[in-house]
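Protein sequences, first through last, are from chains A and B.
All residue numbers for the first sequence refer to UniProt numbering, where the first residue is 1 and numbers rise by one.
All residue numbers for the second sequence refer to UniProt numbering, where the first residue is 1 and numbers rise by one.
Note that beta-carbon positions come from the ideal geometry of N, C-alpha and C, so glycine has one too.
2 protein chains.
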Amino acid sequence: MRLPLNQRVAILLHEGIKGTRGKTGLSLLRYSEAPIVVAIDRECPGQSLPELTGIRRHVPIVASVSAALEYKPQVLVIGIAPLGGVLPDDYWHDIKDALAAGMSLVNGLHAPLSTIPDLKALLKPGQMIWDVRKEPPNLGVATAMARTLPCRRVLTVGTDMAVGKMSTSLELHWASKLRGWRSKFLPTGQTGLMLEGDGIPLDAVRVDFAAGAVEQMVMRYGKNYDILHIEGQGSLLHPSSTATLPLIRGSQPTQMILVHRAGQTEVADGIPIPPLIDVVKLYETVASAGGAYPKVPVAAIALNTRHFSEAEAKAAIAQTETETGLPCTDPIRFGADKLLDAVMQN
Amino acid sequence: MRLPLNQRVAILLHEGIKGTRGKTGLSLLRYSEAPIVVAIDRECPGQSLPELTGIRRHVPIVASVSAALEYKPQVLVIGIAPLGGVLPDDYWHDIKDALAAGMSLVNGLHAPLSTIPDLKALLKPGQMIWDVRKEPPNLGVATAMARTLPCRRVLTVGTDMAVGKMSTSLELHWASKLRGWRSKFLPTGQTGLMLEGDGIPLDAVRVDFAAGAVEQMVMRYGKNYDILHIEGQGSLLHPSSTATLPLIRGSQPTQMILVHRAGQTEVADGIPIPPLIDVVKLYETVASAGGAYPKVPVAAIALNTRHFSEAEAKAAIAQTETETGLPCTDPIRFGADKLLDAVMQN
Chain A
1 MRLPLNQRVA ILLHEGIKGT RGKTGLSLLR YSEAPIVVAI DRECPGQSLP
51 ELTGIRRHVP IVASVSAALE YKPQVLVIGI APLGGVLPDD YWHDIKDALA
101 AGMSLVNGLH APLSTIPDLK ALLKPGQMIW DVRKEPPNLG VATAMARTLP
151 CRRVLTVGTD MAVGKMSTSL ELHWASKLRG WRSKFLPTGQ TGLMLEGDGI
201 PLDAVRVDFA AGAVEQMVMR YGKNYDILHI EGQGSLLHPS STATLPLIRG
251 SQPTQMILVH RAGQTEVADG IPIPPLIDVV KLYETVASAG GAYPKVPVAA
301 IALNTRHFSE AEAKAAIAQT ETETGLPCTD PIRFGADKLL DAVMQN
Chain B
1 MRLPLNQRVA ILLHEGIKGT RGKTGLSLLR YSEAPIVVAI DRECPGQSLP
51 ELTGIRRHVP IVASVSAALE YKPQVLVIGI APLGGVLPDD YWHDIKDALA
101 AGMSLVNGLH APLSTIPDLK ALLKPGQMIW DVRKEPPNLG VATAMARTLP
151 CRRVLTVGTD MAVGKMSTSL ELHWASKLRG WRSKFLPTGQ TGLMLEGDGI
201 PLDAVRVDFA AGAVEQMVMR YGKNYDILHI EGQGSLLHPS STATLPLIRG
251 SQPTQMILVH RAGQTEVADG IPIPPLIDVV KLYETVASAG GAYPKVPVAA
301 IALNTRHFSE AEAKAAIAQT ETETGLPCTD PIRFGADKLL DAVMQN
């Protein structure tokens, strides 16, 4: 399942456009091919989305679902992704308004909404609630069999959560397609699933089946593609992170791309980001596990320079290359070709 | 919740006593203070449990629940733990017989049994089904706050699954208590939960909340104890393993103990166990994450020598000490004092 391309979409983004928790909605606004007709954020109605976010899509911002109805949306997507995935209390009113107005609902939060009687009662024929973060059925445990696939498997890994791993994997995927390769982007988070389908919501999978879910996904597509771009999750540096390890074990990557936000020095209060070359070593050590698995290189570094000017971005990229000896670029800003060249050389 | 100490227990262990999947039942037979009155295994009825397993508890072995009834059991525990946690088809008949005969059921497998209508229909007042592997309510994400606790936090880590991490943590806990310390064993798997309660079934927790569940457990007890012994799960070397990383991040261990089965050379088909000193480095690298977290030493090595003679065991221990430079013993065979001394010196 993915976000339908023939239905008009509204994105519920209260305090997400200017704030820090709007990752899902903003990524959809940046990347989705679906017709997004309106964004809803009570903090900034009437303001310009491109000016606030740099996203080049002209979508009006309104304060509520009622105000959004004039744009005739058919689907409401909950566009925030708070840490832990709990729905804020002040979102309920808008969600009920949307269902009462005949819209379907796409929910990427942990709490399933399709089973709540109050919401189910509002559904009329043709309306549905899609809870994206639901453990897939028929999972097993992983056996490292992705090693047997002939394709390249490129996994993005990060110094932190929310630094641009999905975007980097998407850019690598598009660059691969432009080169005429059979390329597949494999999403592992709710936003990627809304954009592309064909993946897994890894953080909703039980620990015992996490690597197995990744392996199942990679095995399903690996035989028919030249290169798989596996969306990374979390960070080996983040105190709450668990997802990186099953991604490495389940996908058995042939290369990793390290994603980092330029200038960021801590992953959380008091937890420093070590020099990038040490982070590279950490990921390579875990991937090869002292010799239990083949060596997997971090082939290049994707630098997120969104908050920098172009000159500052270029300086940060040059500095990162000097410090690490690895090719580096900002794939959102300058394209992913440099990263892809590095993948092919490894 | 834990296994009640005032009820007569039967353990369902078909193909588990001589086979490889009886870990839960055999650990209960080895360690539980509950009155276990009969074990059920159709492969070896009438045979001697001590002779088959080395466990010093004289419990009769019978072929079925019907045959077990003469020992008047009140609780049936499913004692097998197959990889992936699925109930074998040929177990259903015995489970239904037990419920029909008035017994309660303790289930450590992934599939919840308490919600199955056929089984619920058999329950009479006073009878219950305890699904041990259930995600606890009210979880959040971890923040590394266990770092602030003044107590020691000793985590067992392994070269493989099922090598003796729980047993090592239990032995360390008892040795700590004998020294007069306020010590707590914190189980993270179904067997430990049946034995001691007060823990979490980590492999049933969703990836997003895994480290948070560990942190919550450690924070709940850390202030009132001198030393916490946290039961390890999985292995950074195992292809299906995910649980070790959230255990490290959530518990913020002060020391680790590496558990290894003497003589084992592969974790799975074609995946070698590297030299132990490299495995030690791997765990220490992940725990400190290149400087993001304080250094956490692997203080000692617990060697599982169950399949060796005493002379062979002593030789293997001496060789491990020479190879790694770390203190080593088999805590089941020779007690955990040497390991505990090493924890205190670090």
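Any C-beta of chain B under 8 angstroms from that of residue i
| i | result |
| --- | --- |
| A:I271 | yes |
| A:V106 | no |
| A:T285 | yes |
| A:D131 | no |
| A:A142 | yes |
| A:P246 | yes |
| A:L228 | no |
| A:A111 | no |
| A:R249 | yes |
| A:A243 | yes |
| A:L236 | yes |
| A:A162 | no |
Proximity to residue i [Cα-Cα], best of the options
| i | options | result |
| --- | --- | --- |
| A:P187 | A:V207, A:A175 and A:V154 | A:V154 |
| B:A101 | B:K177, B:Y91 and B:Q74 | B:Q74 |
| B:G19 | B:P125, B:I80, B:L87 and B:L29 | B:I80 |
| B:D330 | B:K165, B:G290 and B:A67 | B:K165 |
| A:Q233 | A:K314, A:M194, A:T156 and A:I332 | A:T156 |
| A:G46 | A:V38, A:L195, A:V62 and A:T115 | A:V62 |
| residue 353 of chain A | A:V207, A:I11, A:G290 and A:I55 | An answer regarding residue 353 of chain A cannot be provided, because it is not within the stretch 1 to 346 covered by chain A. |
| B:R8 | B:D41, B:V59 and B:H307 | B:V59 |
| B:L76 | B:R152, B:S48 and B:L113 | B:L113 |
| B:V132 | B:M194, B:D41 and B:T168 | B:M194 |
| B:H307 | B:M1, B:T242, B:I273 and B:A316 | B:A316 |
| B:R220 | B:F334, B:P201 and B:A146 | B:A146 |
Interface flag, residue i vs chain A, CB-CB below 8 angstroms
| i | result |
| --- | --- |
| B:G158 | no |
| B:K281 | yes |
| B:D89 | no |
| B:S114 | no |
| B:H307 | no |
| B:L13 | no |
| B:D203 | yes |
| B:A10 | no |
| B:G25 | no |
With 16 other Cβ atoms within 10 Å as the buried cut-off, status of residue i
| i | result |
| --- | --- |
| A:P246 | buried |
| residue 366 of chain B | Residue 366 of chain B cannot be examined here, being either before or after the span of chain B that is shown, 1 to 346. |
| A:K120 | exposed |
| A:L5 | exposed |
| B:L178 | exposed |
| B:D94 | buried |
| B:G16 | buried |
| B:T115 | exposed |
| A:P117 | exposed |
| B:M217 | buried |
| A:S183 | buried |
Inter-residue spacing [alpha-carbon to alpha-carbon] between residue i and residue j
| i | j | result |
| --- | --- | --- |
| B:E323 | B:L276 | 8 angstroms |
| B:D198 | B:F185 | 9 angstroms |
| A:M128 | A:C44 | 29 angstroms |
| B:Q252 | B:A144 | 7 angstroms |
| A:T148 | B:G270 | 12 angstroms |
| B:L69 | B:D90 | 19 angstroms |
| A:A162 | A:T191 | 12 angstroms |
| A:P23 | B:L13 | With the sequence shown as reference, residue 23 of chain A is identified as Lys, and Pro is not the correct amino acid for it. Taking the straight line joining both Cα atoms gives about 49 angstroms. |
| A:V203 | A:H110 | The displayed chain sequence assigns Asp, not Val, to residue 203 of chain A. Looking at the two C-alpha atoms, the distance is approximately 9 angstroms. |
| residue 393 of chain A | B:I78 | As shown, chain A starts at 1 and ends at 346. That puts residue 393 of chain A outside it, with no answer to give. |
| B:A292 | A:R21 | 24 angstroms |
| B:T244 | B:G108 | 20 angstroms |
Contact under 8 angstroms by Cβ, residue i with residue j
| i | j | result |
| --- | --- | --- |
| B:Q255 | B:P294 | no |
| A:L326 | A:L172 | no |
| A:Q319 | A:T159 | no |
| B:L123 | B:L87 | no |
| B:S27 | B:L3 | no |
| B:G25 | B:A39 | yes |
| A:I230 | A:S176 | no |
| A:A142 | A:V65 | no |
| B:H260 | B:N304 | yes |
| B:P274 | B:E266 | no |
| A:S241 | B:A211 | yes |
Chain C within 8 angstroms of residue i, Cβ atoms only
| i | result |
| --- | --- |
| B:G290 | In summary, chain C is missing from the structure at hand, where the protein chains are A and B. |
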